[in-house]
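One structure is given here, and the rest of the page talks about it.
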């Protein structure tokens, strides 16, 4: 673990997460990419028997701008100003 042993070591600037939308899974999985500037999530259909997402069956997108909305109150995924991101 280079970052633990050396605080000056190079490290990733993005974090990836995956988690179910509901307690029991509900057949929907959230895939998230987070940087210092943005947090982007796609909710897609997920087949638990095969452990594979169905990217064509999108159940929503979330995009939050950490610079202007640090509390993540305004989803800008459908805002045309952020079309290149979402």
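Residue numbers (the numbering used here): 56 to 141.
The beta-carbon is built from N, C-alpha and C at its ideal position, and this holds for glycine as well.
- Taking 8 Å as the cut-off, the Cβ atoms of residue 85 and residue 98 count as close.
- Boundaries of the beta strand (DSSP E) harbouring residue 85: 83 to 89, taken from the DSSP string.
- In the DSSP annotation of this structure, the continuous segment of the beta strand (DSSP E) that includes residue 72 starts and ends at 70 to 75.
- Inclusion of residue 72 and residue 91 in the CB contact set at 8 Å is not warranted, their separation being larger than that value.
- Remark: C-beta atoms of residue 118 and residue 136 do not approach each other more closely than 8 Å.
- Looking from the CA of residue 69, the closest CA among 134, 100, 63 and 89 belongs to 89.
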